[in-house]
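Number 143 marks the last residue of the sequence shown (this note's numbering); no jumps.
C-beta atoms are modelled at their ideal positions from N, C-alpha and C, and glycine is treated no differently.
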Amino acid sequence: MITINKTRKYLYGECKEVEKKILDYIQSYNCMSLATSGEKYSQAATVFFANKGFTIYFLSTPNTRHTKNIAREGRVAVTINGDYYHWKEIKGVQIEGKVHLITEAKENKEALDVYCLLYTSDAADELDGVDLGGRRII
Numbered sequence: 006m007i008t009i010n011k012t013r014k015y016l017y018g019e020c021k022e023v024e025k026k027i028l029d030y031i032q033s034y035n036c037m038s039l040a041t042s043g044e045k046y047s048q049a050a051t052v053f054f055a056n057k058g059f060t061i062y063f064l065s066t067p068n069t070r071h072t073k074n075i076a077r078e079g080r081v082a083v084t085i086n087g088d089y090y091h092w093k094e095i096k097g098v099q100i101e102g103k104v105h106l107i108t109e110a111k112e113n114k115e116a117l118d119v120y121c122l123l124y125t126s127d128a129a130d131e132l133d134g135v136d137l138g139g140r141r142i143i
């Protein structure tokens with residue numbers, strides 16, 4: 006389980022109305038484009054995510070290129086958006102931040118609770134692990 010630390014910077018300063026619009030928008034989607042940078046190449050990958058406020062959680066295996074890039078650098082850029090057919094309709098959220106692997110049990114449980122409530126019906130009650138389509142989250 007990996008989390009993107011919250012960053013709330015706006016062009017015109019913090020604004021509760023803007024925060025609410027952003028949170029409402031990202032709550033309506035479940036995939037994000039995750040961009041990372043490696044020694045030789047940049048990488049963009051679409052991943053499922055769950056959020057609690059401005060903290061965004063996603064899962065990835067250690068052998069993916071984006072996970073290796075994150076371990077090396079830790080900085081990412083993210084976009085969350087729908088699919089639009091006219092350029093005047095396009096909207097979305099762009100996020101940049103620092104990512105860290107969750108290793109503490111308390112934070113891991115909180116992250117799993119958020120993630121599992123979104124993607125599974127009965128998985129949130131399991132304490133040992135969760136089966137998500139053949140992947141085991143521990």
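Per DSSP, what kind of secondary structure is GLU101 in: helix, strand or coil? strand
Helix, strand or coil: how does DSSP classify TYR90 here? coil
Could you give the residue range of the beta strand (DSSP E) that holds ILE31? Here ILE31 belongs to no beta strand (DSSP E); instead the alpha helix (DSSP H) covers 21 to 32.
How big is the Cα-Cα spacing for GLU24 and VAL98? 11 Å
Output the boundary residues of the alpha helix (DSSP H) element that contains THR72. 70 to 77
Near TYR30, which residues of its chain fall below 7 Å by C-beta distance, leaving aside the five closest residues on each side in sequence? VAL98
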